[in-house]
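Everything on this sheet refers to the single structure shown next.
2 protein chains.
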Amino acid sequence: AGGLVGVVEEELLQPRPLAHEVLLFPSDEARQKLCSWIGSATTTLECCVFVISDARVAAELKEAAARGVAVRLITDDKTALDGGSQVFGMASAGVETLVDPDYELKSGAAPVPRHMHHKYAIVDGRVLLCGSYNWSYSASARNNENCVVTEDVYLVAKYSAEFERLWREFKAAAPLSQQQAAIRIQQIERGNRERRRFAAMARSHRAANVFDVARSAMDIASPGNRKRGRG
Amino acid sequence: AGGLVGVVEEELLQPRPLAHEVLLFPSDEARQKLCSWIGSATTTLECCVFVISDARVAAELKEAAARGVAVRLITDDKTALDGGSQVFGMASAGVETLVDPDYELKSGAAPVPRHMHHKYAIVDGRVLLCGSYNWSYSASARNNENCVVTEDVYLVAKYSAEFERLWREFKAAAPLSQQQAAIRIQQIERGNRERRRFAAMARSHRAANVFDVARSAMDIASPGNRKRGRG
Numbered sequence: 001a002g003g004l005v006g007v008v009e010e011e012l013l014q015p016r017p018l019a020h021e022v023l024l025f026p027s028d029e030a031r032q033k034l035c036s037w038i039g040s041a042t043t044t045l046e047c048c049v050f051v052i053s054d055a056r057v058a059a060e061l062k063e064a065a066a067r068g069v070a071v072r073l074i075t076d077d078k079t080a081l082d083g084g085s086q087v088f089g090m091a092s093a094g095v096e097t098l099v100d101p102d103y104e105l106k107s108g109a110a111p112v113p114r115h116m117h118h119k120y121a122i123v124d125g126r127v128l129l130c131g132s133y134n135w136s137y138s139a140s141a142r143n144n145e146n147c148v149v150t151e152d153v154y155l156v157a158k159y160s161a162e163f164e165r166l167w168r169e170f171k172a173a174a175p176l177s178q179q180q181a182a183i184r185i186q187q188i189e190r191g192n193r194e195r196r197r198f199a200a201m202a203r204s205h206r207a208a209n210v211f212d213v214a215r216s217a218m219d220i221a222s223p224g225n226r227k228r229g230r231g
Numbered sequence: 001a002g003g004l005v006g007v008v009e010e011e012l013l014q015p016r017p018l019a020h021e022v023l024l025f026p027s028d029e030a031r032q033k034l035c036s037w038i039g040s041a042t043t044t045l046e047c048c049v050f051v052i053s054d055a056r057v058a059a060e061l062k063e064a065a066a067r068g069v070a071v072r073l074i075t076d077d078k079t080a081l082d083g084g085s086q087v088f089g090m091a092s093a094g095v096e097t098l099v100d101p102d103y104e105l106k107s108g109a110a111p112v113p114r115h116m117h118h119k120y121a122i123v124d125g126r127v128l129l130c131g132s133y134n135w136s137y138s139a140s141a142r143n144n145e146n147c148v149v150t151e152d153v154y155l156v157a158k159y160s161a162e163f164e165r166l167w168r169e170f171k172a173a174a175p176l177s178q179q180q181a182a183i184r185i186q187q188i189e190r191g192n193r194e195r196r197r198f199a200a201m202a203r204s205h206r207a208a209n210v211f212d213v214a215r216s217a218m219d220i221a222s223p224g225n226r227k228r229g230r231g
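Line by line, the protein sequences are chains A and B.
With the first letter of the first sequence counted as 1, position 157 gets the number 157 in UniProt numbering; the numbers rise by one all the way through.
With the first letter of the second sequence counted as 1, position 35 gets the number 35 in UniProt numbering; the numbers rise by one all the way through.
Below you can see the structure in the form of structure tokens.
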């Protein structure tokens with residue numbers, strides 16, 4: 001029996017075993033498996049991950065978006081601004097991105113920021129990846145980490161529902177398009193970093209060759225300043 | 001049919017549903033559930049958790065150890081020294097404790113320390129708690145976090161095996177009893193903190209009333225010094 005009947009018979013009589021494995025780190029093989037699962041997405045990809053600094057995982061997300069997968073990302077506002085963060089690159093490349101609104105809960109003492117600390121993803125509404133594992137290089141290369149891969153329908157449903165709830169909450173709290181805001185923040189932050197770098201450089205050279213430093217800093221700073229002037 | 005036959009019949013005919021739930025944070029109810037699972041241990045408790053600063057969870061572990069449960073804890077060497085860490089209190093109270101050996105992997109650049117970043121526990125070799133959730137106050141009160149609770153035998157077996165593997169690895173790397181070392185490190189660290197506190201206090205008062213500060217600092221420092229002298 002070929003054709004559709006054949007496919008149905010095969011599914012019924014020889015069902016594909018449900019994904020059910022544990023990825024343990026440090027391990028480059030486990031990292032490759034995680035990338036394969038993300039790369040296997042054909043329809044949707046919901047990612048809810050605290051730290052994303054692994055360029056290879058980020059590339060999988062960008063590629064998925066490029067081939068028409070609806071990729072949505074929820075991440076943490078603070079780690080998004082870390083040096084190696086891949087978040088803004090992905091947002092620029094078309095991954096729909098939200099960060100936590102970071103509202104400050106007043107608890108008597110000084111307010112402390114909230115973290116969007118989840119590390120999970122759902123591939124095609126079917127496979128859940130979930131554990132301690134952030135999408136960072138150190139998590140795969142050095143740390144002791146775990147990540148469950150499962151098609152358990154109860155777990156997938158629970159984590160999907162939480163994703164939708166957070167997506168609604170964070171979107172409602174965003175005063176403007178988060179994706180636009182994310183890209184803008186990154187531009188500002190890059191400018192700040194350049195200025196801090198110059199300040200440190202200037203301090204260390206203060207006594208000796210202050211005029212040389214000032215001249216080289218003006219060369220660095222001027223393209224950005226001209227851009228801002230036009231914007 | 002009473003007695004043992006009754007128990008067996010009840011188990012066979014009306015089996016207890018296997019635990020299978022997801023705890024989502026921030027939520028004090030979820031935190032209470034987590035504490036209840038830990039508190040339910042009757043034989044063994046294997047904990048492999050990056051940050052433990054929640055005094056209530058720590059109390060559950062200490063109580064379990066006190067009532068004869070074999071409690072073993074693997075945690076991170078760096079977070080164990082954090083201000084609010086409960087690790088040394090638990091080690092002192094009889095929880096068998098290991099920290100990662102933090103070997104430095106040379107990868108061309110400067111060596112970067114490894115993290116024992118897991119956040120999971122196994123109750124009575126039967127229930128796995130696993131997710132993004134560290135045992136800290138902020139994780140339960142502010143952050144977005146998840147923790148799977150499951151009796152899935154495959155997952156329990158995988159995480160148990162990883163616990164035993166890490167336990168052997170970390171124990172082999174320990175040059176002396178880790179528990180003794182842990183308590184000793186905590187004593188040293190407390191002393192360092194006192195000295196830093198005094199140094200900061202002295203700096204801020206330097207101009208005005210330096211003699212008063214020196215006198216009060218000597219009052220603070222002397223009991224510890226006397227103890228160390230006896231030890």
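From the three backbone atoms N, C-alpha and C, an ideal C-beta is built for every residue, glycine too.
>> Going by DSSP, what residue range makes up the beta strand (DSSP E) through Y120 of chain A?
In response: The residue given as residue 120 of chain A occupies position 120 in the first sequence. In this chain, the beta strand (DSSP E) harbouring Y120 of chain A covers 119-123.
> Since L73 of chain B contacts T97 of chain B with CB under 8 Å, what's their CB separation in whole angstroms?
Replying inline: Counting from one through the second sequence, the residue named residue 73 of chain B turns up at place 73. Counting from one through the second sequence, the residue named residue 97 of chain B turns up at place 97. 5 Å between Cβ atoms; contact.
> Going along the stretch 108-134 of chain A in order, which residues come within less than 9 Å of chain B, judged by CB to CB distance?
Replying inline: Taking 9 Å as the Cβ-Cβ cut-off against chain B, the residues of the stretch 108-134 of chain A that qualify are V112, P113, R114, H115, M116, H117, H118, K119, Y120, C130, G131, S132, Y133, N134.
> Using a C-beta to C-beta distance shorter than 8 Å, which residues of chain B count as neighbours of L166 of chain A?
Replying inline: Position 166 of the first sequence, counted from the first residue, corresponds to residue 166 of chain A. Those are N144, listed as they occur along chain B.
> Beta-carbon of K33 of chain A versus every beta-carbon of chain B: anything under 8 Å?
Replying inline: The sequence position of residue 33 of chain A within the first sequence is 33, counting from 1. K33 of chain A does not count as touching chain B.
>> Looking only at its chain, what residues have a beta carbon closer than 7 Å to the beta carbon of L155 of chain A, apart from the 5 residues adjacent to it on each side?
In response: Counted from its first residue, the first sequence places residue 155 of chain A at position 155. In chain order, L128 place their CB closer than 7 Å to the CB of L155 of chain A, counting only its own chain and leaving out the 5 sequence neighbours on each side.
> Between the C-alpha atoms of L12 of chain B and K158 of chain B, what's the straight-line distance to the nearest angstrom?
Replying inline: By 1-based counting over the second sequence, the position of residue 12 of chain B is 12. By 1-based counting over the second sequence, the position of residue 158 of chain B is 158. Cα-Cα distance, rounded: 26 Å.
>> Using a 10 Å radius around the Cβ and a threshold of 16 neighbouring Cβ atoms, would you call V87 of chain B buried or exposed?
In response: Mapped onto the second sequence, residue 87 of chain B falls at position 87. The C-beta of V87 of chain B has 16 or more other C-beta atoms within 10 Å across all chains shown, which makes the residue buried.
> Where does G89 of chain B sit, in a helix, a strand or coil, going by DSSP?
Replying inline: On the second sequence, position 89 is the one that residue 89 of chain B refers to. G89 of chain B carries a helical assignment under DSSP once its states are collapsed to helix, strand and coil.
> In chain A, which residues lie with their C-beta within 8 Å of the C-beta of V148 of chain B?
Replying inline: Within the second sequence, residue 148 of chain B is the residue found at index 148, counting from 1. Within 8 Å Cβ-Cβ: C130, V148, L155.
>> Distance check for A80 of chain A and V49 of chain B, CA to CA, integer angstroms please.
In response: Position 49 of the second sequence holds residue 49 of chain B. Position 80 of the first sequence holds residue 80 of chain A. The alpha-carbon atoms of V49 of chain B and A80 of chain A are separated by roughly 25 Å.
>> Counting C-beta neighbours from all protein chains within 10 Å, is the total for G131 of chain B 16 or more, i.e. buried, or is it exposed?
In response: Taking the second sequence and counting its residues from 1, the one referred to as residue 131 of chain B is at position 131. It is buried - the Cβ of G131 of chain B has at least 16 other Cβ atoms within 10 Å.
> Going by DSSP, which residues form a beta bridge with N146 of chain B?
Replying inline: Here residue 146 of chain B refers to the residue found at position 146 of the second sequence. Looking at the DSSP output, N146 of chain B sits in a beta bridge with B:L24.
> DSSP on A41 of chain A, reduced to helix/strand/coil?
Replying inline: The residue given as residue 41 of chain A occupies position 41 in the first sequence. In the structure shown, A41 of chain A falls within a coil segment according to DSSP collapsed to helix, strand and coil.
> Would DSSP call S136 of chain A helix, strand or coil?
Replying inline: Locating residue 136 of chain A in the first sequence gives position 136, counting from the first residue. Looking at S136 of chain A - three-state DSSP - the assignment turns out to be coil, as it is neither helix nor strand.
> Does the stretch 13-32 of chain B touch the stretch 130-150 of chain B, meaning 3 or more C-beta pairs lie closer than 8 Å?
Replying inline: Because the criterion of three Cβ pairs below 8 Å is met, the stretch 130-150 of chain B and the stretch 13-32 of chain B touch.
> Can you tell me whether A55 of chain B is buried or exposed, with buried defined as 16 or more other CB within 10 angstroms of its CB?
Replying inline: Position 55 of the second sequence holds residue 55 of chain B. The residue in question, A55 of chain B, is exposed, as its Cβ has fewer than 16 Cβ neighbours within 10 Å.
>> Residues of chain A with CB closer than 7 Å to the CB of K158 of chain B, please, in chain order.
In response: Within the second sequence, the letter at position 158 stands for residue 158 of chain B. In chain order: V22.
> Span of the beta strand (DSSP E) holding H165 of chain B?
Replying inline: Position 165 of the second sequence, counted from the start, is the residue given in the question as residue 165 of chain B. Before going on, a small fix: residue 165 of chain B reads as Arg here, not His. Unbroken run through R165 of chain B is the alpha helix (DSSP H), 153-173; no beta strand (DSSP E).
>> Whole angstroms are fine: how far does the CA of A161 of chain A sit from the CA of W37 of chain A?
In response: On the first sequence, position 37 is the one that residue 37 of chain A refers to. On the first sequence, position 161 is the one that residue 161 of chain A refers to. W37 of chain A and A161 of chain A: Cα-Cα distance of roughly 21 Å.
> Would a C-beta distance cut-off of 8 Å place D28 of chain B and S138 of chain B closer than the cut-off?
Replying inline: Indexing the second sequence from 1 puts residue 28 of chain B at position 28. Indexing the second sequence from 1 puts residue 138 of chain B at position 138. No; because the gap between Cβ atoms is not below 8 Å, this pair is not in contact.
> Between R114 of chain A and R142 of chain B, is the Cβ-Cβ spacing less than 8 Å?
Replying inline: As a first step, residue 114 of chain A must be located in the first sequence, where it is residue number 114. As a first step, residue 142 of chain B must be located in the second sequence, where it is residue number 142. Taking 8 Å as the cut-off, the beta carbon of R114 of chain A is found closer than this to the beta carbon of R142 of chain B.
> Does the beta-carbon of R165 of chain B have 16 or more other beta-carbons within 10 angstroms, so that it is buried, or is it exposed?
Replying inline: Taking the first residue of the second sequence as position 1, residue 165 of chain B is located at position 165. Label assigned to R165 of chain B: exposed.
> In angstroms, rounded to a whole number, what distance separates the CA positions of G68 of chain A and V51 of chain B?
Replying inline: Against the first sequence, residue 68 of chain A aligns to sequence position 68. Against the second sequence, residue 51 of chain B aligns to sequence position 51. Their Cα atoms are separated by approximately 39 Å.
> Helix or strand or just coil, what does DSSP make of G131 of chain A?
Replying inline: Counted from its first residue, the first sequence places residue 131 of chain A at position 131. G131 of chain A falls in the strand class under three-state DSSP.
>> Do H117 of chain B and E145 of chain A have their beta-carbon atoms positioned less than 8 Å apart in this structure?
In response: Numbered from 1 along the first sequence, position 145 holds the residue referred to as residue 145 of chain A. Numbered from 1 along the second sequence, position 117 holds the residue referred to as residue 117 of chain B. Taking 8 Å as the cut-off, the Cβ atoms of E145 of chain A and H117 of chain B count as close.
> Leaving out five residues before and five after G39 of chain A in sequence, what residues of the same chain have Cβ atoms less than 8 Å from its Cβ?
Replying inline: One-based indexing of the first sequence puts residue 39 of chain A at position 39. Correct list, in chain order: E60, E63, A64.
>> Among the candidates A:K119, A:A66, A:M90, whose CA atom is the shortest distance from the CA of A41 of chain A?
In response: Along the first sequence, one-based indexing puts residue 41 of chain A at 41. In this structure, A:A66 is the residue among A:K119, A:A66, A:M90 with its C-alpha nearest to the C-alpha of A41 of chain A.
>> Counting C-beta neighbours from all protein chains within 10 Å, is the total for V7 of chain A 16 or more, i.e. buried, or is it exposed?
In response: Your numbering for residue 7 of chain A matches position 7 in the first sequence. It counts as exposed.
> Under 8 Å between the Cβ atoms of E169 of chain A and A121 of chain A?
Replying inline: Position 169 of the first sequence, counting from 1, holds the residue named residue 169 of chain A. Position 121 of the first sequence, counting from 1, holds the residue named residue 121 of chain A. If you check the CB distance, E169 of chain A and A121 of chain A do not come in under 8 Å.
>> Contact criterion: CB-CB distance below 8 Å. Does A30 of chain A meet it with respect to chain B?
In response: For the purposes of this step, residue 30 of chain A is taken as the residue at position 30 of the first sequence. Judged by the 8 Å Cβ criterion, A30 of chain A is not in contact with chain B.
> First and last residue of the alpha helix (DSSP H) that includes R56 of chain A?
Replying inline: One-based indexing of the first sequence puts residue 56 of chain A at position 56. Looking at the DSSP string, the run of the alpha helix (DSSP H) that includes R56 of chain A is 55-66.
>> For A55 of chain B, would you say it is in contact with chain A, using Cβ-to-Cβ distances shorter than 8 Å as the test?
In response: Within the second sequence, numbered from 1, the residue matching residue 55 of chain B stands at position 55. Not closer than 8 Å to any Cβ of chain A, the Cβ of A55 of chain B fails to qualify, so no.
> Using the C-alpha atoms, what's the distance from V95 of chain B back to V71 of chain B?
Replying inline: Position 71 of the second sequence holds residue 71 of chain B. Position 95 of the second sequence holds residue 95 of chain B. Going by the C-alpha atoms only, they are around 6 Å apart.
> In chain B, which residues lie with their C-beta within 8 Å of the C-beta of A139 of chain A?
Replying inline: Locating residue 139 of chain A in the first sequence gives position 139, where the first residue counts as 1. Contact annotation for A139 of chain A against chain B: H117 [CB-CB distance below 8 Å, chain order].
> Is DSSP giving residue 233 of chain A helix, strand or coil here?
Replying inline: Limits of chain A in this structure are 1 at one end and 231 at the other, which puts residue 233 of chain A out of reach.
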